[in-house]
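These notes concern the structure reproduced below.
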Amino acid sequence: MSVSLDVMSEDACHDHEHHSRGNNAPDARPYDMVLEGHKGAVYTCPMHPQVRQIEPGPCPLCGMALELESAAMEDEQANPELTDFTRRFWIGTVLTVPILLLAMGPMVGLGWFRQTLGEGVARWAELLLATPVVLWCGWPFLERGVKSFGSWNLNMFSLITMGVAAAWLFSVSAVVAPSIFPEGILDMHGHVPVYFEAAAVIVVLVLLGQVMELRARAGTGKAIRALLDLAPKTARLIRADNREEEIPLEEVQVGDRLRIRPGEKIPVDGEVLEGHSSVDESMITGEPVPVEKSFGDAVTGATLNGTGSLVLAARRVGSDTMLSQIVDMVTKAQRSRAPIQKYADQVASWFVPVVIGVAVLAFVGWSIWGPPPALSYALISAVSVLIIACPCALGLATPMSVMTATGRGAQAGVLIKNAEALERFEKIDTLIVDKTGTLTEGKPKLVAVLPEEGFTQNDVLRLAAALEKGSEHPLAEAIVKGAEDRNIVLENALDFEAITGKGVRGQVDGRDVALGNSRLLEQLQILPNGSRGKADSRRDEGETVMFVVVDGAVAGLVCVADVVKKTTPAAIKELHALGFRIIMATGDNKRTAKAVAGSLGIDEIRADVLPQDKAMIIDDLQRQGRKVAMAGDGVNDAPALAQADVGIAMGTGADVAIESAGITLVRGDLDGIVRARRLARATMRNIHQNLFFALFYNGLGVPIAAGLLYPWLGILISPMFAALAMSASSISVVTNSLRLRTVTI
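Take the sequence shown: its position 313, counted from the start at 1, is 557 in the numbering used here, and no numbers get skipped.
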């Protein structure tokens, strides 16, 4: 079966994101400025993925720098905003140091510098040095802040602009026109105080925080860029005349024959034509054990060939390769929003107006009841409240964790379609698994043919295989392969009909033939007679048994066995330890299902299940209050995957199953579910920590900045310290999120 990791279309993705944000979220379209048919770079906001435009710039909602939506567009060149902010930071630092020396020097024994210049000259020197710091170094913040008031999308830059502008304008007025101020604001020397050092230091500290944050945010894309770098840049093409030539990877076409020498990376997805080797697929699947590959086996681009030499036919190239589709899926997941984000959005929506209100109250309170100079204390308090309360950390808390976690999952072969699936999976308590292809290898083999009187083994197998020749079902493939191994010539079946969940029927060599389970016999009103006992005994051994009916009578049985994956027993044990109740839902007979489930310690069996029954089982469990995940790999699993709270598709399965799932396991083993659960728990724990950091800084900092502790302890936060604390909150959130890059799953 073909493997596809295609994801939703752009419109479907937007619809999904809008739905996950809820009815109160802003509509995506007013901020989606992507031109129709545009195929180049698209920039988006990590906090507001509904903002999309074709040029870099600030987000119109929060003011943050937009990032490239596709990791494939990124390169190792410097981020232009990071370069710009770094330059502004260093220039601002050089200008701010002498301002601090002039303003703070007398407090640390360096008053001679100010005394040498004289008070009047010193104040004008501070003005001349601070003005370029505020108006040039801080211009990006001021511009975004003004725009936020124009659109009434208040954000962190709204508060920074108010604080810096208030401190700088007050100070400029104090130097240029000191006579306009009342006596109540004069300090002990009879001067109007100035706060140039506060305005300058705030700008420099905010720039420092932005530089560190931009560098840290760039780290979330390293996992994706590392995946892109896995693919080799060239491929060795075998021409029609058997000449070999090194060509750029972009020139490889579907059907090309490629030589893979020992130790080389496989350039594209393909099928082995010649040779035998072991292939290290850990960079795609997370599994450390190499996989043996020989004629007819599928290989994946970017995996590493072992000691053998292979010749393969290219089957998927360019954006169709599994690696490209993994990158595409992970990139979209990084831009999706977890449901928990709506709570942070709700807090942020009223947080800025409340902070402005607190700043106003602090100013009024200090002006009325503060010690002299009361207005100076009032200004310091109001500016400190505005600066320390910037909500950037609150907005980053969820998206930074999601971006990092989805990249980490991709490295371990766990692909998250969206953040909602990641959050929901942490709460799942019931896991429903299919048998074939999920618990088992999905490559059953014909183990026995049991003919009834009047038929030979070859007769029964020939008729059964002729019916199944056109089917891609694993059981059908096993029967056909068994016939081919016995050199049985197969005829074409006429009037073929597939009966969902029961079997197939048609005409072979002029005879009416049917192949299927007990339900098919019931539908055809045929009694199995003595065949039932033989079928039951084989099923008790874990084999799948099908009845072969010829001209209205049972002609024999074909028995197929599917080996349980080596990783399944340990994975089941670990899933139990992680809190899952495991239910096996299979279309197989109850005896066969019981034999497999009993050896694995599965909690519950649902056998003889039709495709539509799986979705009904999930619905019933959900009505009981269970949080249900469904793992499957077949076309018949798609409705159940869609019905489940979280659908888990095996990457080795059918395309429609992958499309219906929220999580895809590249390797297709149950231990991938173990990884997904650990990743989900680590991510949600990380998000909660981030929210705590953000709320802790603001919850503790705002009242202290307003002067709550001053009457008892004499503590009043300066604007400079407030700026440092604000930057620290954002950096702590980003740094904590980046820990997910190394989490053990």
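Ideal Cβ placement from N, Cα and C applies to all residues, glycine included.
Item                                                                                                                 : Value
Neighbour-count burial assignment, residue 500, 16 or more Cβ in a 10 Å radius                                       : buried
Between the CA atoms of residue 618 and residue 341 - distance to the nearest angstrom                               : 28 Å
Given 8 Å, three or more beta-carbon pairs between the region 623-634 and the region 946-957                         : yes
Ordered list of alpha helix (DSSP H) runs contained in the region 322-405, each at least 4 residues                  : 324-348, 356-361, 363-376 and 383-395
Inter-residue CB distance, residue 811 and residue 915 (contact presumed, cutoff 8 Å)                                : 5 Å
Same chain, Cβ closer than 6 Å to residue 937, five either side skipped, listed in chain order                       : 976 and 977
Where residue 814 falls, given that 16 or more other Cβ within 10 Å makes a residue buried                           : exposed
Delimiting residues of the beta strand (DSSP E) encompassing residue 999                                             : The question about residue 999 has no answer, for the chain in this structure spans 245 to 989.
Straight-line gap, residue 448 to residue 296 (C-alpha atoms, nearest Å)                                             : 29 Å
Opening and closing residue of the alpha helix (DSSP H) in which residue 931 lies                                    : 915-949
Supposed contact pair residue 719 and residue 688 - C-beta distance, whole angstroms, cut 8 Å                        : 6 Å
Cβ-based neighbour list, residue 508, same chain, cut-off 6 Å, excluding 5 preceding and 5 following                 : 549
Cβ separation of residue 743 and residue 764, assumed to be a contact under 8 Å, to the nearest whole Å              : 6 Å
Within the region 814-879, ranges of the beta strand (DSSP E) (whole runs, at least 3 residues)                      : 825-829, 848-850 and 872-876
Residue 918 beta carbon less than 8 Å from that of residue 822                                                       : yes
Endpoints, the alpha helix (DSSP H) within which residue 955 is located                                              : 954-957
Reduced DSSP secondary structure (H/G/I, E/B, other) of residue 478                                                  : strand
Own chain, CB closer than 7 Å to residue 941, minus 5 neighbours either side, in chain order                         : 637, 969 and 973
CB of residue 440 within 8 Å of CB of residue 371, strictly                                                          : yes
Distance between beta carbons of residue 863 and residue 851, contact taken as under 8 Å                             : Going by Cβ atoms, the distance from residue 851 to residue 863 rounds to 19 Å, so no, they are not a contact pair.
Residue 837 versus residue 805 - alpha carbon distance                                                               : 12 Å
Residue 693 vs residue 712 beta-carbon contact at 8 Å                                                                : no
For residue 506 and residue 455, the rounded distance between their alpha carbons                                    : 44 Å
Backbone CA spacing between residue 446 and residue 407 [nearest angstrom]                                           : 9 Å
Buried or exposed (CB count within 10 angstroms, at least 16 for buried), residue 798                                : buried
Other residues of its chain near residue 672: CB distance less than 8 Å, five sequence neighbours each side excluded : 824, 871, 872, 873, 889, 890 and 921
Cβ pair residue 558, residue 514 closer than 8 Å                                                                     : yes
Cβ neighbour criterion (16 or more within 10 Å) applied to residue 539                                               : exposed
Pair within 8 Å by beta-carbon distance, residue 444 and residue 377                                                 : yes
Continuous alpha helix (DSSP H) assignments of at least 4 residues falling wholly in the region 707-779              : 718-729 and 762-768
Reference residue 783, options 739, 840 and 738, closest by Cα                                                       : 840
Candidates 302, 690, 564 and 926, of which the one nearest residue 385 by Cα                                         : 302
CA-to-CA distance, residue 816 to residue 927, given in whole angstroms                                              : 22 Å
Simplified DSSP state of residue 979, which is helix, strand or coil                                                 : helix
Reduced DSSP secondary structure (H/G/I, E/B, other) of residue 905                                                  : coil
Endpoints, the beta strand (DSSP E) within which residue 561 is located                                              : Premise fails: residue 561 is in no beta strand (DSSP E) and is neither H nor E.
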